[in-house]
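In our numbering, the protein residues as written are 194 to 559. Note that CB positions come from ideal geometry on N, CA and C, so glycine has one too. A short write-up of the structure that comes next.
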């Protein structure tokens, strides 16, 4: 058998987009002649990221409910109707053998319409606590690929396959040595390196924690690779310049994440599903600072999986500005704890997740 025509739908954040691209790449590696169409939401980052990865994408005019009072909520029902109409048209014209939903606004419309039309559906759920949308859509799915055990609380057990979260190929198959990565950032091999990032847009509490800890890091010879996000970047550069620090490397966005992981002795991060998957694959000790306003607080639940397995330490978001520096420094000094955290993280890692998902996709098409 072969996979010939597949729709992959979803996006909104890197946590949805990068797994989707990884799944597409795995399909193309096995079935080079296959046609893959992405369906995303207009105005969201998938509309730029997916074409850069070499795939065609169609955008649906759809958005979510705003938590604050907004006129956009009044037109949401009309947008939904329009999105279902678009999804139906895409399915009718593309004639997919299966639809893969990875989460996000567009995923809901495509998965729902595919289910109504009896087209095989695979849902890829990244988090340890699934959102309401995927729980509702699970009734239309033939397979639900999950990253955490004990998901039968939320989905029909017979549909579940524990595959893990697909991560970017350059991270999973990285051959970069620490020395190469340290050279890449112009740092010193003999000193500890902290890698800090708060997602592609940055995170205010994490950035404040790093800025407050700059004198501490300088006094203790700790080097920092710091992804700030665009909005905080200039403030970070100014703080580094004012304090005449040569041990800090600030970036608005880091393209070569494989280099950053390879250089790092410790990672400080949000606890989105993809960040956690990458940390485990890279085998790094971590300090996790969940975004408290994520849907149904799923980032905290993701982080607690690593904490309960002694692979990470959790700091609450409101404590990050004051506790980040001391917590990171104490871990960097405690090499035994870091070594144990590395071992635990690697035990939680799921390797070749994208290929496992393709096998599940084959089974529902067959």
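Under the Cβ criterion (8 Å, minimum of three pairs), the segment 547-556 does not count as touching the segment 412-425. Under the 8 Å Cβ criterion, the segment 474-481 counts as touching the segment 498-509, having at least three qualifying pairs. When secondary structure is reduced to three states using DSSP, residue 331 falls in the helix class.
Beta-bridge partners assigned by DSSP to residue 444: 420. For residue 513, the enclosing alpha helix (DSSP H) covers residues 513-526. The shortest C-alpha to C-alpha distance from residue 234 to any of 522, 329 and 204 is the one to 204. Taking a contact to require three or more Cβ pairs closer than 8 Å, the segment 407-416 and the segment 378-396 qualify as touching. If you check the CB distance, residue 312 and residue 291 come in under 8 Å. Membership of residue 398 in the alpha helix (DSSP H) is indicated by the continuous run 397-412. In this structure, residue 517 and residue 406 form a Cβ contact; the two beta carbons are roughly 6 Å apart against a cut-off of 8 Å. Around the beta carbon of residue 366, fewer than 16 other beta carbons lie within 10 angstroms, which makes this residue exposed. Membership of residue 317 in the beta strand (DSSP E) is indicated by the continuous run 314-318. When 543, 369, 472 and 301 are compared, the shortest CA-CA separation from residue 390 is found for 472. Between residue 363 and residue 451, the C-beta spacing is below 8 Å.
Short of 7 Å from the beta carbon of residue 355, and not among the five residues preceding or following it, lie these beta carbons of its own chain, in chain order: 339 and 342. Rounded to whole angstroms, the gap between the alpha carbons of residue 538 and residue 202 is 30 Å.
At the C-beta level, residue 216 and residue 319 stay beyond 8 Å of one another. Around residue 493, the same chain offers 483 as residues with beta carbons nearer than 6 Å, after the five sequence neighbours per side are excluded. Residue state for residue 371 is assigned as helix, using DSSP reduced to three classes. Across the structure, residue 301 and residue 440 are spaced so that their CA atoms are roughly 45 Å apart.
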